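Remarks on the structure that follows.
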Amino acid sequence: MVEDGGRVDMEWCIAQPKIELHAHLNGSIRDSTLLELAKDSREKGALAFSDVEHVIKKCTRSVMECFKLFDVIRTITTDHAALSRITKEVIEDFAADNVVYLELRTTPKKNEQIGMTKCSYMEAVLDGMRAIETVEVSFLPSCGSKEKLEQFPNTNVAINGEKRRKLYVRLLLSIDRCESAASAMETVQLAYKMRHLGVVGVDLSGNPLVGEWLTFLPALKWAKEYGLAITLHCGEVYNPNEIKAMLEFCPQRVGHACWFEQEDWTKLKSLNIPVEVCLSSNVQTCRVSSIRDHHFDYLYRNNLPLVLCTDDSGVFSTNLSREYYLAASTFGLNKAQMFELSRNAIKHVFADESVKILLNSIFDSAQRELAIAVGSGNS
Ligand code: 6MZ
């Protein structure tokens, strides 16, 4: 039986396969882990727990408060063991939410006191990925091309007699806007060296009220020249000149786009650049007054490419299913439209064509299982 359209509920949003393209590792930490790590740091004398408890437990945050929390997170998570643990848990959580492809981004950091380099930071992230047992994680570029289509579309694969979820993961290395030009260059060169380890691109993020776009341009140009995909946090705060300069640079995707003016939308449309839309995050930090007033509506109605994402599921107490449910319930989209929106994200992943083919087969199968007639949504 084919069900046409249909009202979307939370259960359905969880059941449909999803693709996450904008998730910051250290913004996606479980609350329980964050509190535990904060207590450990207190015991080691690295911070006063009473000073950070209220920052961690607060539910609604402005941009400044949000970045205060990121400073706290940085103090308590930047050691190798914590990073591996966080990576493992974050990926397990996305898999449990029926995310079938995840592009996880993180800012490689140095911490001389504990012998951490940007490279060893990333090694710890990879160790976390390798430590996952409950989910089958495919993160090496060869995984896509070697796998046979016949293994799919089932996303629950049987290993040692047990059914495990399967999740494709690719990594993006972030440049933080408070870094120097040299540090940004180190990050993009590391990203290039790690292409065989699932790194597919580079992101520019960090406090949007800090730093100058021009500082990062040489590193980003280098990344582009060497074939790395690029996504930029763009228009998270009011900064018309920066928005224009970023669009002129022509990244493969942009995140947020909260403060775009009509000419920016026109430019974005002419370049066909998809927007990574983060509803909960934007309502809390971008002064978007409510989800109803979010530019998702404009993008969707005008058929501009967009992908729903979480940004920081830990910081904003959300997950991808919830973001889909928010979009469906606020803008009145039906199951067929939501499914198509989710599937459209495949076009914008940074992994290679072989992974896109596999993802399409996962969606074909889910479409049959969920019995949805598609074709009426945004494309
Ligand atoms: C800009 C953000 C962000 O890299 O340590 N980050 N940058 N805007 C946002 N919207 C709210 N959310 C997160 O993850 C945490 C870091 O990601 C960036 C910030 O630099 C933050 O410190 P990683 O794994």
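Residue numbers (this note's numbering): -14 to 364. Just so you know, even glycine gets a beta-carbon here, dropped at the ideal spot from N, CA and C. Keep in mind that this is a model prediction, so the values were computed, not measured.
Whole-angstrom distance between residue j and residue i, CA atom to CA atom
i	j	result
Thr91	Tyr309	23 angstroms
Ser17	Lys53	19 angstroms
Cys104	Pro93	7 angstroms
Leu253	Pro259	8 angstroms
Asn83	Leu256	31 angstroms
Lys133	Asn345	Note on Lys133: pLDDT 43, under 50, position unreliable in the model; the coordinate value appears next. Taking the straight line joining both Cα atoms gives about 13 angstroms.
Pro193	Ile228	11 angstroms
Ile14	Gln247	36 angstroms
Pro2	Leu293	13 angstroms
Ile41	Ala358	43 angstroms
Asp161	Asp56	12 angstroms
Ser47	Arg272	8 angstroms
Ser317	Phe335	One detail in the question is off: residue 317 reads as Gly in this sequence, not Ser. So the two alpha carbons sit approximately 30 angstroms from each other.
Arg307	Arg277	15 angstroms
Ala149	Cys(-2)	Looking at the sequence provided, one finds Arg at residue 149 rather than Ala. In a straight line, the C-alpha of Arg149 is about 20 angstroms away from that of Cys(-2).
Gln174	Gly12	24 angstroms
Lys378	Ala81	The shown model of the chain, from -14 to 364, leaves out residue 378, and the question about it has no answer.
Ala116	Lys73	7 angstroms
Gly129	Ser123	Low local confidence applies: a pLDDT of 47 at Gly129 is under 50, so the model's placement there is unreliable, with the coordinate-based value given in what follows. One C-alpha to the other measures close to 8 angstroms.
Ile347	Ala330	13 angstroms
Ala404	Ile76	A question about residue 404 goes unanswered here, because the residues of the chain that appear run from -14 up to 364.
Leu22	Asp78	18 angstroms
His7	Val85	14 angstroms
Val239	Met(-5)	27 angstroms
Leu157	Thr172	10 angstroms
Glu338	Ala312	28 angstroms
Residue range of the beta strand (DSSP E) that includes residue i
i	result
Ser350	Run containing Ser350: none in the beta strand (DSSP E); it sits in the alpha helix (DSSP H), 338 to 355.
Glu88	84 to 91
Asp188	184 to 190
Lys3	3 to 9
Ser123	120 to 123
Val262	260 to 262
Val334	Taken as a continuous stretch (DSSP letters only), Val334 belongs to no beta strand (DSSP E), as it is neither H nor E.
Val57	Segment 48 to 62 is the alpha helix (DSSP H) holding Val57; no beta strand (DSSP E) there.
Cβ neighbour criterion (16 or more within 10 Å) applied to residue i
i	result
Glu197	exposed
Leu199	exposed
Thr119	exposed
Ile99	exposed
Gly191	buried
Arg286	exposed
Thr270	buried
Tyr365	A query on residue 365 cannot be resolved here, the shown segment of the chain reaching from -14 to 364 and no further.
Pro138	Note that Pro138 has pLDDT 41, beneath the 50 cutoff, so the model's placement of it is unreliable and no number is given.
Met107	buried
Glu97	exposed
Met323	buried
Asn226	exposed
Arg353	exposed
Met49	exposed
Arg155	buried
Leu291	buried
Thr251	exposed
Arg(-8)	exposed
Tyr153	buried
Val448	Look at the range of the chain in this structure, -14 to 364, and you will see that residue 448 is not part of it.
Ile151	It should be noted that the sequence gives Lys, not Ile, for residue 151. Under this definition Lys151 is a buried residue.
Ser69	buried
Residue span of the alpha helix (DSSP H) that contains residue i, given as start and end
i	result
Asp249	247 to 256
Leu227	In the sequence under discussion, the amino acid at residue 227 is Glu, which differs from the Leu named in the question. Looking at the DSSP string, the run of the alpha helix (DSSP H) that includes Glu227 is 225 to 234.
Glu164	First-last for Glu164: undefined, no H or E at that position.
Val75	65 to 81
Leu20	16 to 28
Leu284	281 to 286
Ala0	-5 to 0
Glu197	Glu197 -> no alpha helix (DSSP H), and no H or E assigned at all.
Phe316	305 to 316
Beta-ladder partner(s) of residue i, from DSSP
i	result
Cys219	His241
Leu152	Val122
Ala214	Gly186
Asn96	Met101
Leu158	Thr91, Val187
Asp296	Ala8
Leu291	Val260
heavy atom of the ligand SAH below 6 angstroms from residue i C-beta
i	result
Cys243	The ligand SAH is absent from the structure shown, which contains only the ligand 6MZ.
(message) I'd like to know if the region 214 to 221 and the region 175 to 182 are in contact, where contact means that at least 3 CB-CB pairs between them fall below 8 angstroms.
(response) no
(request) State whether the region 263 to 270 contacts the region 288 to 308, with contact taken as three or more CB pairs (one from each stretch) at a distance under 8 angstroms. (result) yes
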